[in-house]
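Following: one structure in structure tokens, then a few remarks.
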Amino acid sequence: MSTTNRDVAKVLRSLGANAQRVIGLLQLDEGWKLAIDTAKRIVDAAATILEQGTNPEELIAKLHGSPPLRPAIGRVRAEEDAKIAEKPERSPR
Amino acid sequence: MIRAVVAAVTLVAVGCGASDVEIHARAALATQTILEQAHAGILEARTEQGQAAIDAHPDREGATAARDAVDVRFEPVVASYEAVRVLHDGWIRLIVIASTGRPFDIEVALGLAHDIVAAFAELRAVAARIGIELPDLGGVVNSVIATATENP
């Protein structure tokens, strides 16, 4: 990885971290929070891409695929089921 | 912005005289990063919306129905994500096999790259319908396709 790429990645990570601090300082609403979180994720992805190695073997070793979504949502649903079970069967009238 | 950065990274690989396998490995790795970010973003939105649905209903029946409705809204996004993931896994397998010294089928690899771009565009569109913003993947894979076409 060249020094330039590393420097740019560092700046991008710093930008993302500062954007998240702004949410706390300005007590922004949910819409702004979501927008800034999304921007941070994109900036972090760009930084990760810039930090990739240049050696072909190193690149290929990092290829493991992306995680499946259904099992992760299944785990969220299991946690939700526990919360739902704490509620009364029907709302008191 | 991510599009420009990714395109720049891909061009760096080309400028260094990278092989077809290396260019595809770099693009597949960039795609993997974007897919991981998409996974995190979708899961976070699903968790938040599920929690909000449950909180909005004091009783079990209402909370269950509202939470299940969230999953119905998310199903096209989940199905699209899984479709991209399966295609990406196929791309990786092709690259890994080629890295062991076996011939690299560039036509199949480019076809997969095309399919991943199209499938991710679909994922991006269905995610936007429920308020989830995802980055544009097209810049990454299109750079690879253009490079491979210009330098066969």
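In the order they appear, the protein sequences are chains B and A. FYI, our numbering numbers position 71 of the first sequence as 71, with every residue one higher than the one before it. Just so we're on the same page, our numbering is the position in the second sequence counted from 1, plus 1000. No residue lacks a Cβ here, since even glycine has one placed at the ideal position from N, Cα and C. Keep in mind it's a predicted model, so treat the numbers as computed, not measured.
Residue i and residue j: beta carbons closer than 9 Å?
i                  : j                 : result
glycine 1050(A)    : valine 43(B)      : no
isoleucine 84(B)   : leucine 1043(A)   : no
leucine 1110(A)    : serine 1080(A)    : no
proline 1076(A)    : lysine 87(B)      : no
leucine 63(B)      : glutamine 1032(A) : yes
leucine 59(B)      : leucine 1029(A)   : yes
isoleucine 1092(A) : glycine 65(B)     : yes
arginine 1102(A)   : valine 1070(A)    : no
alanine 1113(A)    : alanine 1027(A)   : yes
isoleucine 1034(A) : alanine 45(B)     : yes
Residue i by DSSP, collapsed to three states: which one?
i                     : result
glutamate 1082(A)     : helix
glutamine 27(B)       : coil
phenylalanine 1104(A) : coil
alanine 1056(A)       : coil
lysine 10(B)          : helix
histidine 64(B)       : coil
proline 1135(A)       : coil
isoleucine 1130(A)    : coil
serine 1099(A)        : helix
serine 1019(A)        : coil
On the DSSP letters alone, give me the boundaries of the alpha helix (DSSP H) that residue i sits inside.
i                : result
arginine 90(B)   : Element bounds for arginine 90(B): n/a, residue is neither H nor E.
leucine 59(B)    : 56-61
isoleucine 84(B) : 70-85
For residue i and residue j, which I take to be in contact (beta-carbon distance under 8 Å), what is that distance rounded to the nearest angstrom?
i               : j                  : result
arginine 90(B)  : glycine 1041(A)    : Rounded, the Cβ-Cβ distance is 36 Å, inconsistent with contact.
proline 94(B)   : histidine 1039(A)  : A question about residue 94(B) goes unanswered here, because the residues of chain B that appear run from 1 up to 93.
threonine 38(B) : glutamate 1133(A)  : 5 Å
glutamate 80(B) : isoleucine 1054(A) : 6 Å
Going along the chain, which residues of its own chain have a beta-carbon closer than 7 Å to the beta-carbon of residue i, five neighbours each way excluded?
i                 : result
glutamate 1107(A) : none
alanine 1056(A)   : Ala1066
Spatial neighbours of residue i within its chain, please: CB distance less than 6 Å, with the 5 preceding and 5 following residues excluded, ordered by chain position.
i               : result
proline 1152(A) : Residue confidence is low: proline 1152(A) scores 48 on pLDDT, short of 50, so the model does not pin down where it sits. No coordinate-derived value is stated.
Give every residue of the same chain whose Cβ lies closer than 8 Å to the Cβ of residue i, excluding the five residues on either side of it in the sequence, and list them in chain order.
i               : result
alanine 1119(A) : Ser1080, Ala1083, Val1084 and Leu1087
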